[in-house]
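Going by numbering that gives the first Met the number 0, the first sequence opens with residue 0, and the numbers climb by one from there. All C-beta atoms, glycine included, are put in the ideal place defined by N, C-alpha and C. What you are looking at is a predicted structure, and each value in this text was computed from that prediction instead of being measured.
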Amino acid sequence: MSENQSAPAQANPASIRFEDFGLSPEILRALADQGYVNPTPIQAQAIPVVLQGRDVMGAAQTGTGKTAGFSLPIIQLLLAHANSSASPARHPVRALILTPTRELADQVADNVKAYSRYTPLRSTVVFGGMDMAPQTAALRAGVEIVIATPGRLLDHVQQKTLNLSQTQILVMDEADRMLDMGFLPDLQRIINLLPKQRQNLMFSATFSPEIKKLANSFLSSPVTIEVARSNATNENVTQILYKVEEESKRRAVAHIIRERGLKQVIVFSNTKIGASRLARELEKQGLKASAIHGDKSQAERMAALESFKKGDVEILVATDVAARGLDIAELPCVINYDLPYNAEDYVHRIGRTGRAGASGDAISLVTEKDAKLLADIEKLIKKKLVPTELPGFVADAGHVSEGRSRREESRGSYGGERRPRRDEERGGRGAAAPLPRKEKIDPWFLKPYEPEKPAPVSALESSSAPTSAPAPASKAASSGKSQKPKLAALLGGLPKR
DNA sequence: AAAAAAC
0 MSENQSAPAQ
10 ANPASIRFED
20 FGLSPEILRA
30 LADQGYVNPT
40 PIQAQAIPVV
50 LQGRDVMGAA
60 QTGTGKTAGF
70 SLPIIQLLLA
80 HANSSASPAR
90 HPVRALILTP
100 TRELADQVAD
110 NVKAYSRYTP
120 LRSTVVFGGM
130 DMAPQTAALR
140 AGVEIVIATP
150 GRLLDHVQQK
160 TLNLSQTQIL
170 VMDEADRMLD
180 MGFLPDLQRI
190 INLLPKQRQN
200 LMFSATFSPE
210 IKKLANSFLS
220 SPVTIEVARS
230 NATNENVTQI
240 LYKVEEESKR
250 RAVAHIIRER
260 GLKQVIVFSN
270 TKIGASRLAR
280 ELEKQGLKAS
290 AIHGDKSQAE
300 RMAALESFKK
310 GDVEILVATD
320 VAARGLDIAE
330 LPCVINYDLP
340 YNAEDYVHRI
350 GRTGRAGASG
360 DAISLVTEKD
370 AKLLADIEKL
380 IKKKLVPTEL
390 PGFVADAGHV
400 SEGRSRREES
410 RGSYGGERRP
420 RRDEERGGRG
430 AAAPLPRKEK
440 IDPWFLKPYE
450 PEKPAPVSAL
460 ESSSAPTSAP
470 APASKAASSG
480 KSQKPKLAAL
490 LGGLPKR
């Protein structure tokens, strides 16, 4: 269901076929290999526009087929417009795709490789944390398409193993995340290396004022494509919240996983240390868990992701390195061990499940301290979230054998965690029945959700009804993020294209 | 307050 009319109107995408776009037989064959027949809504909108050579500002939730939406027409364009023979290199880089995280770059590269499989086009992925040599070799051998994280890309440029002077198409994937991560200066450097005449595609999950500004600076009269309300949560995802004590969170996670018999679940932690500890604890409890975060070596990160995808590891405990874009087939459930500090990350995290039309559950553990975070999330997704008791969970340390003292437990397996308070030890242990501690209900859980004011809503944010044109931008009434002045300053100095 | 990214 196409909600935005900025792109050419489309009939029901289900009636459109990939064959209708005039894609080359090689591309169609690759699609057939994967069993793809009909484009998703964003693909139906993006493919024709990209093929026309237009710039694109795309808003799409992950799991909507965004990657194919830009990859397929790019491959087609590169095939159709043969390399300008005047170029010195036989294989200049003609398309560049930038992503914020290494895993995402790797994943996009896998897709591009699959789609271009039957074409003569060559592609490679370039990101940090890995040996330069193989990347250098691949680049020297010649590739038309490079997928990269910004830092390592610039490194290769500096080493003269990569030349971007012939690059005709630039894709910025998860652009809002790249801004969050402070990639703006790198983006500027990279763009300065590209020909002035080129096609730009920018994808962002949200349309913050900063993103709009970035789009204004980098894009040339872009076509706006939007298939879902920004900041909306996927309808296929059921959001469940359980209130727990801080001290019970690890056991609560194990309990949920066991009760539900989960064989594939990502558990999000706010900290790298927390992720490692939780993974260790789950493993100790006999569950197959592995952690992925930025303090692990890139080899470890990739191994963890790989074994999770293969099913050898059933629980991937992750920081927000895995919050965006990662496509794990048939992931039925994600668990927020911590509520994210940034409400937008909540949307991204739970977007790992319920992908490609499947349904999924997003379970969040909520403690008393999380009231503010929860309120922020409710405000962002414009939906009331009600934490409930976790069924069948004994809030006290029920799994600890009687012989082992609580003190030993808190020292041994729980590392730096503080001991349970005395009043938390009341509930009896090992019992199967839920705790009779209803009297201790925190008032904030009961407080009705009330949005502050009617909330200024921009056209892009409010598309329950189709909008005919991007409304007069709801003046950048953004939260006064500390990052903002800096960003404005940086963008201010950019040449408008 | 924390995470991500080049060496």
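Limits of the alpha helix (DSSP H) - the one that residue i falls within
i      : result
Ala113 : Arg101 to Tyr114
Gln167 : Segment: none, Gln167 is in no alpha helix (DSSP H) and carries neither H nor E.
Gln44  : Pro40 to Leu50
Asn191 : Leu183 to Leu192
Leu338 : Element bounds for Leu338: n/a, residue is neither H nor E.
Thr66  : Lys65 to Ala79
Ala94  : Taken as a continuous stretch (DSSP letters only), Ala94 belongs to no alpha helix (DSSP H), being part of the beta strand (DSSP E) at Ala94 to Leu97.
Glu209 : Pro208 to Phe217
Selection from the options that minimises the alpha carbon distance to residue i
i      : options                           : result
Val48  : Val333, Met201 and Ala290         : Met201
Ala342 : Lys378, Asp179, Gly21 and Ala113  : Lys378
Asp175 : Gly350, Asp344, Pro24 and Ala251  : Asp344
Pro390 : Thr135, Ile349, Glu258 and Leu152 : Glu258
Thr63  : Leu213, Lys383 and Ala45          : Ala45
Pro40  : Ser23, Leu30 and Ala67            : Ala67
Leu22  : Ser115, Ser14, Glu102 and Gly34   : Ser115
Val236 : Ala108, Leu97 and Val346          : Val346
Ala81  : Val55, Gly273, Thr118 and Pro99   : Thr118
Ser122 : Val107, His292, Thr205 and Arg300 : Val107
Ser296 : Ile26, Leu97, Asp130 and Leu71    : Asp130
Leu277 : Gly260, Lys211 and Asn335         : Asn335
Val111 : Leu71, Gln134 and Ala137          : Leu71
Leu193 : Asn162, Lys211 and Gln158         : Asn162
Glu245 : Asp369, Ala113 and Leu50          : Asp369
Gln33  : Arg279, Gly52, Asp109 and Gly260  : Asp109
Ile146 : Lys371, Ile349 and Ile96          : Ile96
Arg28  : Asp105, Arg101, Phe206 and Ala113 : Ala113
Gly52  : Leu325, Ala298, Pro221 and Lys382 : Pro221
Residue j beta carbon less than 8 Å from that of residue i
i      : j      : result
Leu240 : Val385 : yes
Gln502 : Ala303 : Nothing about residue 502 can be read from this structure; the chain reaches only from 0 to 496.
Thr387 : Val243 : no
Thr160 : Phe126 : no
Ser306 : Ala290 : no
Pro103 : Arg323 : Per the sequence shown, the amino acid found at residue 103 is Leu instead of Pro. Yes. Within cutoff.
Asp185 : Gly150 : yes
Ile362 : Cys332 : yes
Lys248 : Leu364 : yes
Asn191 : Leu169 : no
Glu173 : Thr98  : yes
Ala214 : Met56  : yes
Cβ-based neighbour list, residue i, same chain, cut-off 6 Å, excluding 5 preceding and 5 following
i      : result
Pro91  : Gln165
Ala140 : none
Asp337 : Ser268 and Asn269
Lys287 : Val312 and Glu313
Gln167 : Arg93 and Arg197
Leu30  : Phe17
Ile265 : Leu315, Ala317, Val333 and Arg351
Asp19  : none
Asp294 : Lys271
Gly353 : Asn233, Asn235, Val236 and Gly359
Met301 : none
Pro339 : Tyr345
Span of the beta strand (DSSP E), counted from its first residue to its last, around residue i
i      : result
Ala174 : Element bounds for Ala174: not the beta strand (DSSP E) but the alpha helix (DSSP H), Ala174 to Asp179.
Gln198 : Gln198 to Ser203
Gln135 : The sequence as given places Thr at residue 135; Gln does not occur at that position. Premise fails: Thr135 lies in the alpha helix (DSSP H), Met131 to Ala140, not in any beta strand (DSSP E).
Gly150 : Looking at the DSSP string, Gly150 is not in any beta strand (DSSP E); the run it does join, the alpha helix (DSSP H), is Pro149 to Gln157.
Glu234 : Looking at the DSSP string, Glu234 is not in any beta strand (DSSP E), and its letter there is neither H nor E.
Ser23  : Unbroken run through Ser23: none, as it is neither H nor E.
Ala370 : Run containing Ala370: none in the beta strand (DSSP E); it sits in the alpha helix (DSSP H), Ala370 to Ile380.
Spatial neighbours of residue i in its chain, beta-carbon cut-off 8 Å, leaving aside the 5 residues before and after
i      : result
Leu120 : Ile74, Leu77, Leu78, Glu143 and Ile144
Ile15  : Gln9, Asn37, Pro38 and Ala43
Gln263 : Phe307, Gly310, Glu313, Ile327, Glu329, Leu330, Pro331 and Cys332
Tyr35  : Phe17 and Ala67
Val320 : Thr100, Glu102, Ile291, His292, Gly293 and Arg300
Gly135 : Rather than Gly, the amino acid found at residue 135 in this sequence is Thr. Excluding residues within five positions, the ones whose Cβ falls inside 8 Å are His155, Gln158 and Thr160.
Neighbourhood of residue i by C-beta distance below 7 Å, restricted to the same chain and skipping five residues each side
i      : result
Arg188 : Leu153
Leu138 : Thr123, His155, Thr160 and Leu161
Asp375 : Ala342
Ile256 : Val264, Leu286 and Ile314
Residue i beta carbon near the ligand GTP (any heavy atom closer than 7 Å)
i      : result
Ala317 : Absence of the ligand GTP is noted for the structure shown, with no ligands found whatsoever.
Would you list, in sequence order, the uninterrupted alpha helix (DSSP H) runs of no fewer than 4 residues that lie entirely inside the region 342-366? 342-349
Restricting to runs no shorter than 4 residues, where is the alpha helix (DSSP H) found entirely within the region 265-323? 271-283 and 297-309
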